[in-house]
Amino acid sequence: MSVIVFPKRNPLGGMSREELIQNIQSALREKVIKTFLFGSVARNSAHAYSDVDLIVITKTDLPFLKRQELFPELLRIPVEWNLFVYTEKEWEKIREQSQYPGFWKTVFAEMIPIL
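See the structure below:
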(Lines of atoms letter the chains of each structure in order from A and count residues from 1; the text may use other names and numbers.)
(Lines give C-alpha, C1' and ligand atoms only; values in the text may rest on other atoms or scores of the structure.)
Protein backbone atom coordinates (compact mmCIF):
# COMPACT_ATOMS: atom_id res chain seq x y z
CA MET A 1 0.00 0.00 0.00
CA SER A 2 1.16 3.54 -0.66
CA VAL A 3 -0.01 7.03 0.09
CA ILE A 4 0.39 9.95 -2.25
CA VAL A 5 1.19 13.19 -0.47
CA PHE A 6 0.82 16.47 -2.29
CA PRO A 7 2.66 19.51 -0.95
CA LYS A 8 0.50 22.37 0.25
CA ARG A 9 0.34 25.15 -2.27
CA ASN A 10 -1.35 28.47 -2.65
CA PRO A 11 -3.46 28.61 -5.82
CA LEU A 12 -2.85 32.34 -6.08
CA GLY A 13 0.94 32.15 -5.96
CA GLY A 14 1.03 33.68 -2.48
CA MET A 15 -1.06 36.69 -3.56
CA SER A 16 -4.42 37.81 -2.28
CA ARG A 17 -7.28 37.76 -4.77
CA GLU A 18 -7.06 41.56 -5.01
CA GLU A 19 -3.30 41.42 -5.74
CA LEU A 20 -3.92 38.77 -8.40
CA ILE A 21 -6.57 40.95 -10.05
CA GLN A 22 -4.21 43.96 -10.01
CA ASN A 23 -1.48 41.84 -11.64
CA ILE A 24 -3.92 40.60 -14.30
CA GLN A 25 -5.01 44.17 -14.99
CA SER A 26 -1.40 45.33 -15.32
CA ALA A 27 -0.55 42.46 -17.67
CA LEU A 28 -3.58 42.89 -19.93
CA ARG A 29 -4.47 46.59 -19.88
CA GLU A 30 -4.27 48.13 -23.37
CA LYS A 31 -4.19 44.64 -24.95
CA VAL A 32 -7.74 43.37 -24.50
CA ILE A 33 -11.34 44.43 -24.97
CA LYS A 34 -12.73 42.72 -21.84
CA THR A 35 -11.54 40.31 -19.16
CA PHE A 36 -13.58 38.24 -16.71
CA LEU A 37 -12.58 36.12 -13.73
CA PHE A 38 -14.79 33.12 -12.95
CA GLY A 39 -14.66 29.85 -11.05
CA SER A 40 -13.46 29.24 -7.51
CA VAL A 41 -11.23 32.33 -7.37
CA ALA A 42 -14.15 34.56 -8.41
CA ARG A 43 -16.37 32.86 -5.81
CA ASN A 44 -13.71 33.23 -3.09
CA SER A 45 -13.72 29.46 -2.63
CA ALA A 46 -10.29 28.60 -4.08
CA HIS A 47 -8.46 25.70 -2.47
CA ALA A 48 -4.89 24.42 -2.71
CA TYR A 49 -5.46 22.76 -6.09
CA SER A 50 -7.57 25.47 -7.74
CA ASP A 51 -6.52 27.13 -10.95
CA VAL A 52 -7.37 30.65 -12.08
CA ASP A 53 -10.18 30.72 -14.65
CA LEU A 54 -9.97 33.75 -16.92
CA ILE A 55 -11.89 34.82 -20.02
CA VAL A 56 -10.15 37.33 -22.29
CA ILE A 57 -11.89 39.06 -25.20
CA THR A 58 -9.47 40.48 -27.77
CA LYS A 59 -8.87 41.09 -31.46
CA THR A 60 -6.97 38.20 -33.00
CA ASP A 61 -6.74 35.97 -36.04
CA LEU A 62 -4.73 33.29 -34.24
CA PRO A 63 -6.17 29.78 -33.86
CA PHE A 64 -7.90 29.26 -30.50
CA LEU A 65 -5.16 27.05 -29.03
CA LYS A 66 -2.41 29.59 -29.84
CA ARG A 67 -4.10 32.69 -28.45
CA GLN A 68 -2.62 32.45 -24.97
CA GLU A 69 0.72 33.27 -26.60
CA LEU A 70 -0.57 36.83 -27.06
CA PHE A 71 -0.18 37.44 -23.32
CA PRO A 72 3.31 36.43 -22.10
CA GLU A 73 3.13 38.97 -19.24
CA LEU A 74 0.00 37.25 -17.95
CA LEU A 75 1.56 33.80 -18.17
CA ARG A 76 4.52 34.98 -16.06
CA ILE A 77 2.20 35.44 -13.06
CA PRO A 78 2.97 32.32 -10.96
CA VAL A 79 -0.44 30.63 -10.93
CA GLU A 80 -2.04 27.79 -12.87
CA TRP A 81 -4.22 29.26 -15.60
CA ASN A 82 -7.36 28.07 -17.31
CA LEU A 83 -7.35 30.74 -20.00
CA PHE A 84 -10.15 31.21 -22.53
CA VAL A 85 -9.31 33.76 -25.25
CA TYR A 86 -12.16 34.74 -27.59
CA THR A 87 -12.85 37.30 -30.28
CA GLU A 88 -15.82 39.66 -29.84
CA LYS A 89 -17.82 37.69 -32.41
CA GLU A 90 -17.16 34.39 -30.63
CA TRP A 91 -18.05 35.96 -27.28
CA GLU A 92 -21.40 37.21 -28.61
CA LYS A 93 -22.30 33.66 -29.70
CA ILE A 94 -21.38 32.36 -26.26
CA ARG A 95 -23.47 35.09 -24.59
CA GLU A 96 -26.48 33.93 -26.62
CA GLN A 97 -25.99 30.38 -25.29
CA SER A 98 -25.67 31.53 -21.68
CA GLN A 99 -29.43 31.54 -21.17
CA TYR A 100 -29.54 27.73 -21.39
CA PRO A 101 -28.58 25.44 -18.49
CA GLY A 102 -24.99 24.28 -18.50
CA PHE A 103 -21.42 25.49 -18.24
CA TRP A 104 -21.89 28.97 -19.71
CA LYS A 105 -24.96 29.79 -17.63
CA THR A 106 -22.89 29.08 -14.51
CA VAL A 107 -19.96 31.13 -15.82
CA PHE A 108 -22.17 34.14 -16.55
CA ALA A 109 -23.79 33.90 -13.11
CA GLU A 110 -20.46 34.08 -11.27
CA MET A 111 -18.04 35.95 -13.53
CA ILE A 112 -16.46 39.17 -12.35
CA PRO A 113 -15.42 41.81 -14.92
CA ILE A 114 -11.88 42.95 -14.20
CA LEU A 115 -11.13 44.94 -17.36
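In UniProt numbering, the protein residues as written are 1 to 115.
For glycine and all other residues, C-beta sits at the position ideal for the given N, C-alpha and C.
message = Please list the terminal residues of the continuous alpha helix (DSSP H) segment that includes Thr106.
response = Note, Thr106: alpha helix (DSSP H), 103 to 110.
ask   = At which residue ranges does the UniProt domain "Polymerase nucleotidyl transferase" (26 to 94) contain complete alpha helix (DSSP H) runs of 4 or more residues, listed in the order of the chain?
value = Counting only runs of 4 or more, we get 72 to 75.
request  = Pull up the CB-CB distance for Leu115 and Gln25, whole angstroms please, since I reckon it's below 8 Å.
outcome  = The Cβ separation is near 6 Å, so the contact holds.
ask   = Quick one: Cα of Leu70 to Cα of Tyr86, how far?
value = Distance between the alpha carbons of Leu70 and Tyr86 is about 12 Å.
query = Looking only at C-alpha atoms, which of Ala109, Lys59, Ala42, Phe103 sits nearest to Glu90?
reply = Nearest neighbour of Glu90 by Cα position, chosen from Ala109, Lys59, Ala42, Phe103, turns out to be Lys59.
ask   = What does Pro113 pair with, by DSSP beta-bridge criteria?
value = Answer is Phe36, bridged to Pro113.
message = Taking 6 Å as the limit between beta carbons, can you name the residues of its chain near Ile21, skipping five residues before and five after?
response = For Ile21, the CB contacts under 6 Å within the same chain, skipping 5 residues up- and downstream, are Ile114 in chain order.
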